[in-house]
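Take the sequence shown: its position 50, counting from 1, is numbered 55 in this note's numbering, and each next residue is one higher.
Here a beta-carbon is modelled for each residue, glycine too, at the ideal position from N, C-alpha and C.
Bear in mind the structure is a predicted one, so any value in this text is a computation, not a measurement.
Since the structure comes first, as structure tokens, the remarks are kept for the end.
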Amino acid sequence: MKMNFRQITELLLTTGIMALIMSGMMMTYHFGFNETMLKMWKQTYPVAWAVAIPGIMTAKKIVRFLMGILFKSAPLNH
Numbered sequence: 006m007k008m009n010f011r012q013i014t015e016l017l018l019t020t021g022i023m024a025l026i027m028s029g030m031m032m033t034y035h036f037g038f039n040e041t042m043l044k045m046w047k048q049t050y051p052v053a054w055a056v057a058i059p060g061i062m063t064a065k066k067i068v069r070f071l072m073g074i075l076f077k078s079a080p081l082n083h
């Protein structure tokens, strides 16, 4: 599969945003919780995923929207 410049840029931006979101969630999980919250990790860890997954999906849509404006092409949903 051959990718054009727009697709490569979209992929790199989306991947970078996803990495930032997930690293932020993991850092918060690892360093940001007090002792009581760490004891209840079974309740807090799914919350981090509940926040991260919509963030990742939103980032993908925003990047596609910006690439569409930048390149004046491609629909938002493809």
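Using only CA atoms, which one of the options lies nearest to residue i?
i, options, result
"Ala64", "Leu17, Leu75, Phe76", "Leu17"
"Met31", "Phe70, Val56, Glu15", "Val56"
"Leu25", "Gly60, Lys7, Asn9, Glu15", "Gly60"
"Ile58", "Phe70, Met23, Met72, Leu71", "Met23"
In whole angstroms, what separates the C-alpha of residue i from that of residue j?
i, j, result
"Phe76", "Val68", "12 Å"
"Asn9", "Met62", "22 Å"
"Ser28", "Lys7", "30 Å"
"Gln12", "Lys66", "13 Å"
What is the DSSP secondary structure of residue i, reduced to helix, strand or coil?
i, result
"Lys7", "coil"
"Lys66", "helix"
Residue i CB to nearest chain C CB: under 8 Å?
i, result
"Phe70", "In summary, chain C is missing from the structure at hand, where a single protein chain is found."
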